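Enquirer: Everything in the sequence shown is counted per our numbering, starting at 1 for the first residue and increasing by one.
Don't be surprised by glycine CBs; every beta carbon is placed ideally from N, CA and C.
Every value quoted in this text rests on a predicted model; they were computed, and no experiment measured them.
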Amino acid sequence: MRILLLLLSFPLFAQDEVRRAAWSRPEVTARLEEGIRANRTSWIHLAIVDAQGKPLPGATVTAELVRHEFLFGANGFMVGGFQQPAEQQKFDTAFTALFNFVTIPFYWKGIEPRRGATRYEAGSEPIYRRPPPDVVLAWAAKHGLTTKGHTLVWDNPNHQLPDWLPSDPREREQLIWHSVERTVSRYGGIIPVWDVANEAIARHINVPMPRDYVFRAFELANRLFPPNATLLINETTSVWSNDRDEYSPYYLLISNLLARGARVDAIGLQFHFFSEALHQDVRDGKALTPEKLFRILDLYARFGKPLHVTEITIPTLPANAEGEQIQAEMTRDFYRAWFSHPNVEAVTWWNLVDETAVPGEDKWRGGLVRRDFTEKPAYSALRKLVRDEWTTRFNGAADSAGKVSFRGFHGRYKLTVRHAGRESTAEFDLSKGGGSRTIRLAQ
Numbered sequence: 001m002r003i004l005l006l007l008l009s010f011p012l013f014a015q016d017e018v019r020r021a022a023w024s025r026p027e028v029t030a031r032l033e034e035g036i037r038a039n040r041t042s043w044i045h046l047a048i049v050d051a052q053g054k055p056l057p058g059a060t061v062t063a064e065l066v067r068h069e070f071l072f073g074a075n076g077f078m079v080g081g082f083q084q085p086a087e088q089q090k091f092d093t094a095f096t097a098l099f100n101f102v103t104i105p106f107y108w109k110g111i112e113p114r115r116g117a118t119r120y121e122a123g124s125e126p127i128y129r130r131p132p133p134d135v136v137l138a139w140a141a142k143h144g145l146t147t148k149g150h151t152l153v154w155d156n157p158n159h160q161l162p163d164w165l166p167s168d169p170r171e172r173e174q175l176i177w178h179s180v181e182r183t184v185s186r187y188g189g190i191i192p193v194w195d196v197a198n199e200a201i202a203r204h205i206n207v208p209m210p211r212d213y214v215f216r217a218f219e220l221a222n223r224l225f226p227p228n229a230t231l232l233i234n235e236t237t238s239v240w241s242n243d244r245d246e247y248s249p250y251y252l253l254i255s256n257l258l259a260r261g262a263r264v265d266a267i268g269l270q271f272h273f274f275s276e277a278l279h280q281d282v283r284d285g286k287a288l289t290p291e292k293l294f295r296i297l298d299l300y301a302r303f304g305k306p307l308h309v310t311e312i313t314i315p316t317l318p319a320n321a322e323g324e325q326i327q328a329e330m331t332r333d334f335y336r337a338w339f340s341h342p343n344v345e346a347v348t349w350w351n352l353v354d355e356t357a358v359p360g361e362d363k364w365r366g367g368l369v370r371r372d373f374t375e376k377p378a379y380s381a382l383r384k385l386v387r388d389e390w391t392t393r394f395n396g397a398a399d400s401a402g403k404v405s406f407r408g409f410h411g412r413y414k415l416t417v418r419h420a421g422r423e424s425t426a427e428f429d430l431s432k433g434g435g436s437r438t439i440r441l442a443q
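Okay, structure coming up:
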């Protein structure tokens with residue numbers, strides 16, 4: 001029996017060794033490490049002075065990163081969606097311990113299930129995975145999370161377009177644009193990041209939509225949103241495989257929009273593994289290799305726009321401890337690639353908890369925690385990256401000129417300075433390029 005078990009497990013081990021070896025090659029490791037250092041860390045130079053501006057040699061300085069500048073997120077579709085308060089608390093804890101960014105559902109079908117009956121406010125009719133935006137906004141504010149709205153325009157009849165939408169083209173078009181105007185008038189100045197148009201390459205060709213609706217959606221968004229909002233176009237996982245360099249369909253669509261003056265502020269790339277064949281090819285080292293990821297990221301970086309990896313589902317296959325370990329390894333590899341790239345500014349896991357996906361997708365077990373909220377290895381691997389490897393905790397002392405410097409990850413820092421029995425605290429932001437700051441120790 002022991003020999004049989006070894007024979008059965010050897011092929012699984014061997015196929016993953018190809019993938020592991022690809023991510024461990026010196027040139028890949030060098031690009032990851034150098035990219036993370038160059039793109040995610042900078043020097044900060046601090047001058048420690050007293051209330052009169054006199055340098056304080058020997059002052060002790062501690063600094064800790066308390067919030068990443070980079071956006072690590074997940075969707076908030078289950079905020080308030082669990083029946084038991086204890087479950088909701090476990091969801092909140094798992095989410096906020098790891099993420100600083102939440103995607104809020106604005107699917108029109110969930111916002112206006114019956115014509116004229118909108119669901120923006122707390123207390124609205126409950127719909128699974130469609131919490132009212134006001135509820136998620138309040139939750140995000142409580143936990144200090146950056147918010148994103150998803151999505152304004154999409155031709156999907158199952159998830160986006162309400163069942164009551166009339167077939168008359170003119171009335172239909174008026175209602176589509178009105179729905180956008182109504183949502184933006186309420187939230188455009190509150191939520192800073194938006195998916196304006198979703199999955200245009202995966203067009204439902206038999207679903208009537210306004211002519212040139214993607215371009216027109218961005219035209220409308222430009223008129224409605226403030227200049228500091230980030231407006232995205234978002235596309236399916238096909239962007240990673242349908243690769244024809246600058247003749248790739250998604251690349252051509254973005255080129256067309258930009259050439260006509262559309263305000264596309266950032267480019268969204270989904271990353272769902274909704275295929276056993278794809279998952280197997282990744283395990284075999286045949287798909288989504290380091291070179292492939294870098295190639296696609298570099299391709300869309302040519303536009304000079306920020307890139308967002310918008311929806312991530314890495315399944316647990318097989319559905320056992322081995323599959324969970326494979327999920328964790330893939331998660332670590334892919335996140336390191338995305339975090340290392342200069343144009344990527346946000347990465348969003350899709351469903352945090354197993355068995356809370358849209359109907360039909362639970363079979364992939366693409367959560368970071370199990371349905372009982374126990375951590376899967378993927379959650380632990382991601383937390384180790386975000387909270388341990390990609391964080392900065394500095395302890396030092398000012399030199400004879402009262403100066404101290406350190407290199408840290410970009411984000412918000414809490415600083416504590418002590419000298420001669422006095423203590424002062426401050427916060428500062430460190431971004432790419434670093435900088436200098438004077439810290440005055442109060443009397």
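(1) Using the Cα positions of Gly-116 and Leu-32, report the straight-line distance between them to the nearest angstrom.
(2) With distances taken Cα to Cα, identify the nearest neighbour of Val-214 among Ser-405, Asp-245, Val-180 and Gly-188.
(3) Using C-beta distances below 6 Å, list every residue in its chain close to Ala-458, excluding the 5 sequence neighbours before and after it, in chain order.
(4) If you scan the region 351 to 408 from start to end, which runs of the alpha helix (DSSP H) of 4 or more residues do you find wholly inside it?
(5) Using only the alpha-carbon positions, how far apart do Met-444 and Pro-131 sit?
(6) Which one or two residues does DSSP pair with Asp-429 in a beta bridge?
(7) Check Ile-439 in the structure and name its three-state DSSP category.
(8) Would the region 225 to 239 count as touching the region 248 to 259 if we require 3 or more Cβ pairs under 8 Å?
(9) Considering only DSSP beta bridges, list what Gly-309 is partnered with.
(10) What are the partner residues of Phe-99, as DSSP defines its beta bridges?
(11) Could you tell me which of Gln-52, Glu-311, Tyr-128 and Glu-87 sits nearest to Lys-148, measuring between CA atoms?
(12) Evaluate contact between the region 121 to 140 and the region 159 to 177, counting only Cβ atoms and requiring at least three cross-stretch pairs below 8 Å.
(13) Go through its chain and collect everything with a Cβ distance to Val-353's Cβ below 6 Å, but skip five positions before and after it.
(14) Once you ignore the five residues that flank Met-1 on each side, which residues in its own chain have a CB closer than 6 Å to its CB?
(15) Which residue's Cα is closest to the Cα of Ala-221: Gln-89, Asn-256, Ala-202 and Gly-261?
(16) Three-state secondary structure (DSSP) at Lys-54?
(17) Note down the Cα distance separating Thr-331 from Pro-57, rounded to an integer number of angstroms.
(18) Would you tell me roughly how many angstroms separate the C-alpha atoms of Arg-422 and Trp-43, rounded to the nearest one?
(19) Quick check: the Cα distance between Ala-74 and Arg-263, rounded to an integer number of angstroms?
(20) Under 8 Å Cβ to Cβ from Ala-202, same chain only, skipping five residues before and after it: list those, please.
(21) Look at the alpha carbon of Leu-8 and the alpha carbon of Val-18, and state the distance between them as a whole number of angstroms.
(22) Which same chain residues end up closer than 7 Å to Leu-253 when comparing Cβ atoms and leaving out the 5 residues on each side of it in sequence?
(23) Tell me which same chain residues have a C-beta within less than 6 Å of the C-beta of Thr-316, skipping the five on either side of it?
(24) Does the separation of the CB atoms of Ser-444 and His-45 fall below 7 Å?
(25) Tell me, which residues are paired with Asp-195 by DSSP?
(26) Taking all protein chains shown into account, decide if Lys-376 is buried (16 or more other Cβ within 10 angstroms of its Cβ) or exposed.
(27) Taking the alpha-carbon positions, what's the Thr-96 to Lys-403 distance?
(28) By Cβ distance, which residues of its chain are closer than 7 Å to Trp-446, with the 5 residues on each side in sequence left out?
(29) Whose C-beta lies closer than 6 Å to the C-beta of Gly-80 among residues of the same chain, with five residues either side of it excluded?
(30) Select from Phe-99, Ala-426, Ala-122 and Pro-126 the residue whose C-alpha is nearest the C-alpha of Gly-518.
(31) Give, in chain order, every unbroken run of the alpha helix (DSSP H) that is at least 4 residues long and sits entirely within the region 275 to 322.
(32) Is it buried or exposed, Gln-270, if we count other Cβ atoms within 10 angstroms and call 16 or more buried?
(33) Output the residue ranges of the beta strand (DSSP E) runs that lie fully inside the region 20 to 65 and measure 3 residues or longer, sorted by chain position.
Expert: Short version:
(1) For the purposes of this step, residue 116 is identified with residue 116 of the sequence shown, where counting begins at 1. For the purposes of this step, residue 32 is identified with residue 32 of the sequence shown, where counting begins at 1. If you take the alpha carbons of Gly-116 and Leu-32, they lie about 50 Å apart.
(2) By 1-based counting over the sequence shown, the position of residue 214 is 214. Checking every option, the nearest Cα to that of Val-214 belongs to Val-180.
(3) Absent from the structure is residue 458, since the part of the chain shown begins at 1 and ends at 443.
(4) 377 to 383
(5) Beyond the ends of the chain as shown, which are 1 and 443, falls residue 444; an answer cannot be given.
(6) Position 429 of the sequence shown, counting from 1, holds the residue named residue 429. Note: Asp-429 sits in a beta bridge opposite Arg-412.
(7) As a first step, residue 439 must be located in the sequence shown, where it is residue number 439. It is a strand residue.
(8) yes
(9) Taking the first residue of the sequence shown as 1, we reach residue 309 at position 309. It is Val, not Gly, that sits at residue 309 in the sequence shown. Per DSSP, Leu-269 and Val-347.
(10) Here residue 99 is taken as the residue at index 99 of the sequence shown, counted from 1. Answer is none; Phe-99 lacks a bridge partner.
(11) Here residue 148 corresponds to residue number 148 of the sequence shown, with the count starting at 1. Per the Cα distances, Glu-311.
(12) no
(13) Numbered from 1 along the sequence shown, position 353 holds the residue referred to as residue 353. Excluding positions up to five away in sequence, the list reads Gly-367 and Val-369.
(14) What you label residue 1 is simply residue 1 of the sequence shown in a count that begins at 1. With a pLDDT of only 45 at Met-1, under 50, the local geometry of the prediction cannot be trusted, and the value read off the model is given with reservation. Excluding residues within five positions, none has a Cβ falling inside 6 Å.
(15) Along the sequence shown, read from residue 1 onward, the residue named residue 221 stands at position 221. Answer by Cα proximity: Gly-261.
(16) Counting from one through the sequence shown, the residue named residue 54 turns up at place 54. Correct three-state label for Lys-54: coil.
(17) In the sequence shown, counting from the first residue as 1, residue 331 sits at position 331. In the sequence shown, counting from the first residue as 1, residue 57 sits at position 57. Using only the alpha carbons, I get a separation of about 45 Å.
(18) In the sequence shown, the residue the question calls residue 422 occupies position 422. In the sequence shown, the residue the question calls residue 43 occupies position 43. Cα to Cα, the separation comes out at about 26 Å.
(19) Residue 74 sits at position 74 when you count from the first residue of the sequence shown. Residue 263 sits at position 263 when you count from the first residue of the sequence shown. Cα to Cα, the separation comes out at about 25 Å.
(20) Position 202 of the sequence shown, counting from 1, holds the residue named residue 202. Cβ neighbours of Ala-202 beyond the five flanking positions: Glu-235, Thr-236 and Ser-238.
(21) Residue numbering aside, residue 8 sits at position 8 when the sequence shown is read from its first letter. Residue numbering aside, residue 18 sits at position 18 when the sequence shown is read from its first letter. Here the model assigns Leu-8 a pLDDT of 43, short of 50, so the residue's position is not dependable, and the following value carries that caveat. When rounded, the distance between both Cα atoms is 18 Å.
(22) Stepping through the sequence shown from its first residue, residue 253 is reached at position 253. The answer, listed in chain order, is Ala-200 and Ile-201.
(23) Position 316 of the sequence shown, counted from the first residue, corresponds to residue 316. Cβ neighbours of Thr-316 beyond the five flanking positions: Gly-323, Glu-324, Gln-327 and Arg-365.
(24) Within the shown structure, residues of the chain are numbered from 1 to 443, placing residue 444 beyond reach of any answer.
(25) Against the sequence shown, residue 195 aligns to sequence position 195. According to DSSP, which records beta bridges pairwise, Asp-195 is partnered with His-150 and Leu-232.
(26) Position 376 of the sequence shown, counted from the start, is the residue given in the question as residue 376. Counting Cβ neighbours within 10 Å, Lys-376 comes out buried, since at least 16 surround it.
(27) Your numbering for residue 96 matches position 96 in the sequence shown. Your numbering for residue 403 matches position 403 in the sequence shown. Cα to Cα, the separation comes out at about 35 Å.
(28) Residue coverage of the chain in this structure runs from 1 to 443, which leaves residue 446 outside it and unanswerable.
(29) On the sequence shown, residue 80 is found 80 positions in, with the first residue counted as 1. Cβ within range, chain order: Pro-131 and Val-135.
(30) Residue 518 lies beyond the range of the chain shown here (1 to 443); nothing can be said about it.
(31) 276 to 283 and 290 to 301
(32) Reading the sequence shown from its first residue, position 270 is the one you call residue 270. So Gln-270 counts as buried.
(33) 41 to 49
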